[in-house]
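*Asks:* Here's a structure for you.
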Amino acid sequence: MTEHLVEIQNITFSRGERLIYDDISINIPKGKITAIMGPSGIGKTTMLRLIGGQLVPDKGDITFKGNSIPAMNRSTLYHNRKSMSMLFQSGALFTDMTVYDNVAFALREHTHLSESVIETLVLLKLETVGLRGAAQMMPSELSGGMARRAALARAIALDPELIMYDEPFAGQDPISMGVLVKLIKALSEALSVTSIVVTHDVNEVLNIADYVYILANKKVIGHGTAAQIKASDSALVQQFLQGQADGPVPFHYPADAIQAQILGAKQ
Amino acid sequence: MNWVIGLGASTLAKINGVGRAFLMLSGALIAVPQLKNVRLTIQQLYVVGVQSLLIIMVSGLFIGMVMALQGYTILVNYGAEGSLGPMVSLSLLRELGPVVTALLFAGRAGSALTAEIGLMKATEQLSSLEMMAVDPLRRVVAPRIWAGVIAMPMLALIFSAIGILGGHLVGVDWLGVDSGSYWSIMQATVEWDKDVVNGIIKSIVFAIVVTWIAIFKGYDAIPTSEGISLATTQTVVFSSLAVLGLDFVLTALMFGIN
């Protein structure tokens with residue numbers, strides 16, 4: 110039986126009046142790459158924030174290494190966060206620090222290593238993402254792709270067990286995208302780290318994901334290996350995979366009939 | 004009845020905001036002091052204190068000069084221009100020093116604090132700190148609060164001192180008031196505890212209020228460009244009003260009731 114690092118059990122979550130998730134369950138196998146896909150606005154980033162304990166579900170439970178995240182007190186949660194890391198969509202690099210200091214940040218905060226050991230570790234992490242030469246640059250001097258790679262180097266600084274990628278390919282040119290796909294795969298294999306990739310870039314992620322969940326309409330509408338997902342007979346899954354404009358997810362946002370609205374306005 | 008519902012909802016939202024502001028303050032300040040945070044506080048002292056020095060000194064100089072000029076034209080009619088020293092120094096130490104410094108601080112450092120923290124929130128830097136198991140309240144908020152509270156009373160004292168020198172420049176060097184009477188009557192009139200200490204107390208109260216408003220507005224800002232712009236404006240407006248309102252209360256408590 111596969112061991113799960115993260116288990117999301119029957120969670121329901123709403124923001125104000127708006128229901129985001131309605132009783133959904135997702136298991137993240139240890140040491141594998143799991144993709145969570147779905148249309149924009151479905152709350153994929155919210156899922157990562159729930160796993161990270163930044164949000165608390167209304168119902169249901171989320172466990173990390175068997176321990177319930179919503180039930181953790183602050184210090185236990187912060188202790189557990191040292192074993193997870195998150196690559197934010199914007200990179201979220203600290204703009205007042207160089208790339209080097211960004212990567213060294215967590216090491217300086219959480220370890221008592223000497224500055225020379227930290228230097229070796231930081232340079233190794235930057236070498237992994239190909240940015241050793243950019244160590245002394247400021248985040249504002251980096252291109253979008255480089256910023257995300259720098260953020261990735263920061264995310265792996267403490268050798269986490271879980272890395273959560275929030276839309277890692279969004280807004281990237283084909284070369285940067287290829288580099289990121291390669292890095293995610295390489296990190297997963299080399300460090301045996303568990304990866305959760307939240308994205309709507311179907312082709313890129315299906316090439317590297319070991320398991321895929323597709324979310325839509327507040328539910329999990331399909332899950333399986335990449336091959337199983339591609340062969341799915343669900344119209345919704347196929348609409349998403351093939352990028353069709355209209356289908357079970359309608360092109361039009363719900364509204365009154367256009368005739369009624371236009372004619373009604375004129376009367 | 005809709006306006007009743009609206010009034011109730013907005014009152015509840017305001018009370019909720021006050022609650023969040025207190026939670027932020029307690030989360031930031033109730034902690035075991037660490038050497039690392041002392042270093043961060045000193046860095047922030049440079050940003051909010053040292054970098055505000057120029058505007059405080061120039062404003063202090065001009066306000067002292069204007070007060071001497073205005074005071075002289077009135078006092079000279081009664082042959083009382085010798086009292087220019089105490090007039091300038093008491094006005095500065097009791098009122099203008101703490102109040103004008105707080106207003107300038109809100110505009111110069113407060114708005115910068117709000118925008119900085121608001122942008123850190125909008126660019127997910129605060130979230131990323133949380134996910135790196137570093138509490139943004141202790142790492143980002145606390146050093147800025149301490150720096151503001153330490154810097155402002157010092158800035159107010161510098162403001163008053165430069166203002167008194169500005170008064171000397173205009174009153175004594177330009178208009179010909181006797182230098183000896185300017186200083187000696189000032190020395191005889193200004194009381195350490197009643198005037199200087201009360202001014203410092205006022206300044207500390209303003210420092211807490213202005214820094215707290217500025218940081219909370221940034222921390223609680225809606226993370227969009229409009230949200231940050233609104234938060235920055237609110238920081239300057241709310242802290243200015245709070246300073247002026249509190250100044251009346253503090254003056255009544257310190258000088259009004261005998």
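For the record, the sequence lines run as chains L and G.
Just so we're aligned, residue 110 is where the first sequence starts under my numbering, counting upward by one.
Just so we're aligned, residue 4 is where the second sequence starts under my numbering, counting upward by one.
Using N, Cα and C, we set each Cβ at its ideal position, and we do this for glycine too.
Only a predicted model underlies this, so the values are computations on that prediction, with no experimental measurement involved.
If we ignore side chains and look at the alpha-carbon of each, how far apart do G:Tyr222 and G:Lys124 end up?
*Replies:* Rounded to the nearest angstrom, the two C-alpha atoms are 7 Å apart.
*Asks:* Under 9 Å between the Cβ atoms of G:Leu116 and G:Gly151?
*Replies:* Yes. Within cutoff.
*Asks:* L:Thr379 CB to nearest chain G CB: under 9 Å?
*Replies:* The question about residue 379 of chain L has no answer here: the residues shown for chain L are numbered 110 through 376.
*Asks:* Can you give, in chain order, each stretch of the alpha helix (DSSP H) that sits fully within the region 273-337 of chain L and has at least 4 residues?
*Replies:* The qualifying runs are 283-300, 311-317.
*Asks:* Assess contact between the region 119-138 of chain L and the region 277-287 of chain L, defined as three or more Cβ pairs (one per stretch) separated by less than 8 Å. Is contact present?
*Replies:* As far as the Cβ criterion goes, the region 119-138 of chain L does not touch the region 277-287 of chain L, which means the pair count is below three.
*Asks:* Rounded to the nearest angstrom, what separates L:Lys191 and G:Tyr49 at their Cα positions?
*Replies:* L:Lys191 and G:Tyr49: Cα-Cα distance of roughly 31 Å.
*Asks:* With a threshold of 9 Å between beta carbons, is L:Glu218 in contact with chain G?
*Replies:* It does: the Cβ of L:Glu218 has a partner Cβ on chain G nearer than 9 Å.
*Asks:* Could you list the residues in the region 132-166 of chain G with a C-beta less than 9 Å from some C-beta on chain L, going in chain order?
*Replies:* Answer in chain order: Leu132, Glu133, Met134, Met135, Ala136, Val137, Asp138, Arg142.
*Asks:* Under the assumption that L:Ile145 contacts L:Tyr322 (Cβ atoms under 8 Å), give the Cβ distance between them as a whole number of angstroms.
*Replies:* The pair is a contact, with the Cβ atoms about 5 Å apart (cut-off 8 Å).
*Asks:* Please report the Cβ distance between G:Pro156 and G:Ser92, rounded to the nearest whole angstrom; I am assuming they are in contact, meaning their Cβ atoms lie under 8 Å.
*Replies:* Between G:Ser92 and G:Pro156 the Cβ distance is about 17 Å, and since that is not below 8 Å, they are no contact.
*Asks:* Output the distance between the C-alpha atoms of G:Gly169 and G:Leu72, rounded to the nearest integer angstrom.
*Replies:* Cα to Cα, G:Gly169 sits roughly 10 Å from G:Leu72.
*Asks:* Would L:Phe197 count as contacting chain G if we go by Cβ distances under 9 Å?
*Replies:* With 9 Å as the cut-off, L:Phe197 counts as an interface residue toward chain G.
*Asks:* Can you tell me the Cα-Cα spacing of L:Glu126 and G:Val212, whole angstroms?
*Replies:* Their backbone Cα atoms lie some 34 Å apart in a straight line.
*Asks:* Quick check: is the beta carbon of L:Val286 nearer than 9 Å to any beta carbon in chain G?
*Replies:* Residue identity check: residue 286 of chain L is Met in the sequence provided, not Val. No, L:Met286 lies away from the interface with chain G (no Cβ there is under 9 Å from its Cβ).
*Asks:* Just to confirm the assignment, what range does the beta strand (DSSP E) spanning L:Ala201 have?
*Replies:* Where L:Ala201 is concerned, there is no enclosing beta strand (DSSP E), given that its DSSP letter is neither H nor E.
*Asks:* Count the other C-beta atoms from every protein chain shown that fall within 10 angstroms of the C-beta of L:Val311, then say buried if there are 16 or more, exposed otherwise.
*Replies:* It counts as buried.
*Asks:* How many angstroms separate the CA atom of G:Ala191 from the CA atom of G:Asn80?
*Replies:* Cα to Cα, the separation comes out at about 23 Å.
*Asks:* What's the C-alpha gap between G:Pro89 and G:His171?
*Replies:* Taking the straight line joining both Cα atoms gives about 11 Å.
*Asks:* Taking the C-alpha atoms as reference points, what is the distance between L:Ser55 and L:Leu216?
*Replies:* The structure shown does not extend to residue 55 of chain L, since chain L is modelled only from 110 to 376, so the question has no answer here.
*Asks:* Identify, in the order they occur along the chain, each residue of the same chain with its Cβ nearer than 8 Å to the Cβ of L:Phe360, setting aside the five sequence neighbours on each side.
*Replies:* Counting only Cβ-Cβ distances below 8 Å, and skipping sequence neighbours, we find Ala354.
*Asks:* Expressed to the nearest angstrom, what Euclidean distance is found between the alpha-carbon atoms of G:Ala118 and G:Ala109?
*Replies:* Computed Cα separation, rounded: 12 Å.
*Asks:* By the DSSP assignment, the beta strand (DSSP E) with L:Arg124 in it spans what residues?
*Replies:* Taken as a continuous stretch (DSSP letters only), the beta strand (DSSP E) holding L:Arg124 covers 113-124.
*Asks:* What is the rounded straight-line gap between the Cα of L:Leu292 and the Cα of L:Lys174?
*Replies:* Roughly 25 Å between the two C-alpha positions.
*Asks:* Three-state secondary structure (DSSP) at G:Ile188?
*Replies:* In this structure, G:Ile188 counts as helix in the three-state DSSP scheme.
*Asks:* Can you grab the Cα-Cα spacing for the pair G:Ile45 / G:Asp181, in whole Å?
*Replies:* When rounded, the distance between both Cα atoms is 42 Å.
*Asks:* Counting only the same chain and skipping the five closest in sequence on each side, list residues whose C-beta sits under 7 Å from that of G:Trp133.
*Replies:* Checking the displayed sequence, the identity of residue 133 of chain G turns out to be Glu instead of Trp. Pro139, listed in sequence order.
*Asks:* Let me make sure I understand the geometry here. Which of L:Ile272, L:Glu313, L:Arg158, L:Tyr209 has the alpha-carbon closest to that of L:Val288?
*Replies:* The residue with the shortest Cα to Cα distance from L:Val288 is L:Glu313.
*Asks:* With DSSP collapsed to three states, give me the class of L:Pro138.
*Replies:* The answer is strand: DSSP assigns L:Pro138 an E or B state.
*Asks:* Residues in the same chain with beta-carbon distance under 7 Å from L:Ala335, minus the five sequence neighbours each way, listed in chain order, please.
*Replies:* So the qualifying residues of the chain are Leu315, Ala318, Val321.
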